[in-house]
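**Student:**
Residue numbers (the numbering used here): 166 to 448.
1) Going by beta-carbon coordinates alone, are residue 363 and residue 348 separated by less than 9 Å?
2) Cα separation between residue 232 and residue 323?
3) How many Å lie between residue 228 and residue 247 at the Cα?
4) Rounded to the nearest angstrom, what separates residue 395 and residue 260 at their Cα positions?
5) Within the region 180-208, note down every full alpha helix (DSSP H) run reaching 4 residues or more, in order along the chain.
6) Would you tell me roughly how many angstroms separate the C-alpha atoms of residue 314 and residue 289, rounded to the nearest one?
7) Would you list the one or two residues that DSSP bridges to residue 318?
8) Any idea what DSSP makes of residue 292, helix, strand or coil?
9) Going by DSSP, which residues form a beta bridge with residue 311?
10) Output needed for residue 168: all residues of its chain with C-beta closer than 6 Å, excluding positions within five of it in sequence on either side, in chain order.
11) For the 8 Å Cβ check, are there 3 or more pairs between the region 350-367 and the region 272-287?
12) Where DSSP assigns a beta bridge to residue 330, which residues make up the other side?
13) Under 9 Å between the Cβ atoms of residue 418 and residue 275?
14) Can you give the Cα-Cα distance for residue 201 and residue 249, rounded to whole angstroms?
15) With H, G and I counted as helix, E and B as strand and the rest as coil, what does DSSP make of residue 445?
16) At the level of alpha carbons, what is the spacing between residue 400 and residue 237?
17) Looking at residue 423: is its Cβ nearer than 9 Å to the Cβ of residue 429?
18) If you draw a straight line from the alpha carbon of residue 196 to that of residue 267, how long is it in whole angstroms?
19) Could you tell me the alpha carbon to alpha carbon distance between residue 271 and residue 381, rounded to whole angstroms?
20) Excluding the five sequence neighbours on either side, which residues of its own chain have a C-beta within less than 7 Å of the C-beta of residue 166, listed in chain order?
21) Going by the CB atoms, is the gap between residue 230 and residue 215 shorter than 9 Å?
22) When you compare the CB positions of residue 255 and residue 207, do they come within less than 9 Å of one another, or not?
23) For the alpha helix (DSSP H) holding residue 411, just list the boundary residues, first then last.
24) Under 9 Å, do residue 346 and residue 369 count as touching if we go by C-beta distance?
25) Would you report the Cα separation of residue 342 and residue 245, rounded to the nearest angstrom?
26) Using a Cβ-Cβ cut-off of 7 Å (strictly less than) and excluding sequence neighbours within five positions of residue 426, which residues of its own chain qualify?
27) Rounding to the nearest angstrom, what Cα-Cα distance links residue 311 and residue 264 in this structure?
28) Less than 9 Å separating the beta-carbons of residue 378 and residue 403?
29) Return helix, strand or coil for residue 263, following the three-state DSSP convention.
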């Protein structure tokens, strides 16, 4: 039992150390968004570490502060003594204050911990928004019960490169180009199912130097011919997105905890970054 406890603590310490290294490389603007505006000296990267750790451990703000204060090696990484940690409300405000840009930066850096080959896949999944009480839902007149999340995944080791969140469930052919093209410099090919079947999308990918691996809906014999020319091995790696979706929901649940849509988007982006770090320290 003691050995298992030591292994768990070592894994948690490696996680904290890795996130601290990533967070300290954020741009000055991102660190300013995370930092406490009261000027109490609690750096933005430390907020990021504790927020990542909270998601990794599926803990509440109070629990993660109490746990971190008791771990000597974690205090050493954060350069904090007991009693110097922020109040739970301060940590919560840091999460609210930081924009999606901050979490995207951390997500991108976390993806660099895993090997990448430039062959990516894209697919959508859904997260439940029904964690809030029915009274709260009635009060804000909220009817959207799920968030559509589109993940862009590199197929080498399943690194999540980028994502897109929406409460409106937009057409996949509208989201695909937005996500893929802002990562064009890192992609050699992109695999997607027939939901992304759109000639203009394929043309945009080709113009950006990305090979489209998107199955055609079959309406005529030539559609069979188009599909036959797709590299089966590369296209088959599209299943990586399904594996990532499944793994995230097994580890972090099917529902988001935040109540406001903008915080829910940030929470999902944070979860994706946590997933990348978890995969990296397991290897």
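In this text, a Cβ means the ideal position worked out from N, Cα and C, and glycines have one as well.
**Tutor:** Walking through what the data contain:
1) In this structure, residue 348 does not lie closer than 9 Å to residue 363 by Cβ.
2) Distance from the CA atom of residue 232 to the CA atom of residue 323, rounded to whole angstroms, is 30 Å.
3) Spanning the two alpha carbons is a distance of roughly 14 Å.
4) Rounded to the nearest angstrom, the two C-alpha atoms are 43 Å apart.
5) Correct list: 193-199.
6) Cα to Cα, residue 314 sits roughly 5 Å from residue 289.
7) Residue 318 pairs with 286 and 325.
8) The three-state secondary structure of residue 292, taken from DSSP, is strand.
9) 293.
10) Residue placement at residue 168 is flagged as unreliable, the pLDDT there being 46, under the threshold of 50; the coordinate-derived value follows with that caveat. Same-chain partners within the cutoff: there are none.
11) A contact exists between the region 350-367 and the region 272-287.
12) Answer is 314.
13) No. Outside cutoff.
14) A straight-line Cα-Cα distance of about 14 Å links residue 201 and residue 249.
15) It is helical.
16) As the crow flies, the alpha-carbon of residue 400 is around 47 Å from that of residue 237.
17) When the beta-carbon positions are compared, residue 423 and residue 429 come within less than 9 Å of each other.
18) Each residue's alpha carbon lies about 8 Å from the other.
19) Linking residue 271 to residue 381 through their CA atoms gives a straight-line distance of about 35 Å.
20) Low local confidence applies: a pLDDT of 46 at residue 166 is under 50, so the model's placement there is unreliable, and no value is given.
21) Cβ distance < 9 Å, so residue 215 and residue 230 count as in contact.
22) In contact: residue 255 and residue 207 (Cβ atoms closer than 9 Å).
23) Taken as a continuous stretch (DSSP letters only), the alpha helix (DSSP H) holding residue 411 covers 404-417.
24) Yes. Within cutoff.
25) Residue 245 has its alpha-carbon roughly 44 Å from the corresponding atom of residue 342.
26) Here the set comprises 332.
27) Near 21 Å, if we compare the C-alpha coordinates of residue 264 and residue 311.
28) It is a contact, given that the beta carbons lie within the stated cut-off.
29) In the displayed model, residue 263 falls within coil according to three-state DSSP, outside both helix and strand.
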